[in-house]
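The structure under discussion appears below in the form of structure tokens.
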Amino acid sequence: MPHIVIEHLNKSFGRQHVLQDVSLEIEEKEFVTLLGPSGCGKTTTLRLLAGFLVPDGGEIRVGGQLFSSPQTTMAPERRRMGMVFQNYAIWPHMSVFDNVAFGLKLARFGRAEIGERVARVLAAVGLEGLEGRHPAQLSGGQQQRVALARSLVVEPSILLLDEPLSNLDAKLRERMRGELKSLQRRTGITFVYVTHDQAEAMALSDRIAVFHQGVLQQYGRPRDIYERPANLFVADFMGIVNRLPGEIVERRDGHVRVRVGDHVLAAIGPAAGGSSAREVTLAIRPESVRLGRTDGPGNRLDGSVVEATFLGSIVDYQIDIGGLLLRVQADRHVVQEVGSKVQLTIPIEECVAMPTPP
Numbered sequence: 066m067p068h069i070v071i072e073h074l075n076k077s078f079g080r081q082h083v084l085q086d087v088s089l090e091i092e093e094k095e096f097v098t099l100l101g102p103s104g105c106g107k108t109t110t111l112r113l114l115a116g117f118l119v120p121d122g123g124e125i126r127v128g129g130q131l132f133s134s135p136q137t138t139m140a141p142e143r144r145r146m147g148m149v150f151q152n153y154a155i156w157p158h159m160s161v162f163d164n165v166a167f168g169l170k171l172a173r174f175g176r177a178e179i180g181e182r183v184a185r186v187l188a189a190v191g192l193e194g195l196e197g198r199h200p201a202q203l204s205g206g207q208q209q210r211v212a213l214a215r216s217l218v219v220e221p222s223i224l225l226l227d228e229p230l231s232n233l234d235a236k237l238r239e240r241m242r243g244e245l246k247s248l249q250r251r252t253g254i255t256f257v258y259v260t261h262d263q264a265e266a267m268a269l270s271d272r273i274a275v276f277h278q279g280v281l282q283q284y285g286r287p288r289d290i291y292e293r294p295a296n297l298f299v300a301d302f303m304g305i306v307n308r309l310p311g312e313i314v315e316r317r318d319g320h321v322r323v324r325v326g327d328h329v330l331a332a333i334g335p336a337a338g339g340s341s342a343r344e345v346t347l348a349i350r351p352e353s354v355r356l357g358r359t360d361g362p363g364n365r366l367d368g369s370v371v372e373a374t375f376l377g378s379i380v381d382y383q384i385d386i387g388g389l390l391l392r393v394q395a396d397r398h399v400v401q402e403v404g405s406k407v408q409l410t411i412p413i414e415e416c417v418a419m420p421t422p423p
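Under my numbering, the first residue of the sequence shown is numbered 66, with each subsequent residue one higher.
In structure tokens form, the structure reads like this:
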């Protein structure tokens, strides 16, 4: 039985529909990320899960127990959930120890147990020896760990994190990703994480819920969402993608053949799975296109290099394939000069055909 069950969740603020019929299930000990652009409903979902908001429709159940519905909402302090905010929200006048111990003192734990718990959780987040420092004496990453420790010390069954790494610089954010994932595995706590950063979501998550305009677009494993997006919004949001407009000319054995300009390309995807639409868009990741001819089945094209940009580990090419531009990312050791003629191979499974939105 799933640990967290969200069914047909709806929420509006005035005339603005923030969430529309959202349903998803989260297993115990999973790391699940709610992902999407600003205003998509991901933080509202988190706040409903925390009990800070009351749903207009639908239910939230945890461990089989009803936590939220329009008729009844359990108070946040009774939910055994920790919350880590974007701005850390730690007390500037308190030491690290007192910040972390704050919730335990409110719950009237004994001094010895408070000391033992704080020491254990500070060791878990790598802050042992810093108990006496104040937030102003800590780096951004250390302050974020204090906020994590304060939530973990009360031993929640679920930890909710609202864009906790967005205020950190790029290198520190990358390091903290690894620490968060490692911490979640060690503690076995269910993590529900909000971010707008797709790379962060893929690096951390067991599963990702992609939101757009209050609607859950897709829910699944990071690889499945990246390689088999449910629609063009998901394909676009999850990374760089070539979008080539075309028309289906043949359907056979779960595949389609799509006319794109002067070319006919074999593809897979939602359009091959029962959609009657003829107008489609092919979604092709730049790293999926191979420079040169390869063995085995695949789409083969000829083109000319319009632009080549060196990006360190890769070279980013713009290649003209008969009036259409195709973005290709290749190994930095593969060098093609601007104006040179190239041959391309695109594996069929890397071409995903999707109905073109109206």
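Beta carbons: idealized from backbone N, C-alpha and C, even for Gly.
- Ranked by Cα distance from VAL393, the first of SER222, ASP360, PRO362 and ARG350 is ARG350.
- Taking the CA atoms as reference points, TRP156 sits about 27 Å from ARG251.
- Taking a 10 Å sphere around the C-beta of LYS406, we find fewer than 16 other C-beta atoms and assign the residue as exposed.
- Boundaries cannot be given for PRO120, as no beta strand (DSSP E) includes it and DSSP labels it neither H nor E.
- Given a length threshold of 3 residues, each whole run of the beta strand (DSSP E) inside the region 66-112 is given here in chain order: 69-78, 81-91 and 96-100.
- LYS246 has its alpha-carbon roughly 13 Å from the corresponding atom of PRO229.
- If you look at ALA274, you'll find it isn't in any alpha helix (DSSP H); it sits in the beta strand (DSSP E) that goes 272-277.
- Take LEU217, set aside five residues on each side of it, and the residues of its chain with a beta-carbon closer than 6 Å to its own are VAL186, in chain order.
- In the three-state DSSP reduction, ALA348 falls in the strand class (E or B).
- CA-CA distance, ARG145 to VAL70, rounds to 16 Å.
- When rounded, the separation of the alpha-carbon atoms in PHE117 and MET139 is 10 Å.
- Taking a cut-off of 8 Å for Cβ pairs, the region 366-374 and the region 396-414 touch, as three or more such pairs fall below it.
- Excluding residues up to 5 positions away in sequence, LYS76, SER77, GLY106, THR109 and GLY279 lie with their Cβ nearer than 7 Å to the Cβ of VAL83 in the same chain.
- Within the same chain, Cβ atoms closer than 7 Å to the Cβ of LEU113 are found at LEU74, LYS76, PRO120, ILE125 and SER133, the five residues on either side in sequence being excluded.
- Rounded to whole angstroms, the Cβ separation of MET419 and GLY334 is 6 Å, and the two are in contact under 8 Å.
- With distances taken between CA atoms, GLY122 lies nearest to VAL87 out of PRO287, VAL87, GLY104 and ASP301.
- The three-state secondary structure of MET267, taken from DSSP, is helix.
- Of all alpha-carbon atoms in GLY311, MET267, ILE313 and LEU309, the one lying nearest the alpha-carbon of GLU292 is that of MET267.
- In the structure shown, the three-state DSSP call for ARG126 is strand.
- Under the DSSP assignment, THR260 falls in the beta strand (DSSP E) whose first and last residues are 255-260.
- In this model, ALA274 and ARG238 are separated by some 21 Å (Cα to Cα).
- DSSP, read as helix, strand or coil, puts GLY191 in coil.
- Following the DSSP letters along the chain, one finds ASN296 in no beta strand (DSSP E), marked with neither H nor E.
- In this chain, VAL211 is not harboured by any beta strand (DSSP E); it is covered by the alpha helix (DSSP H) spanning 205-217.
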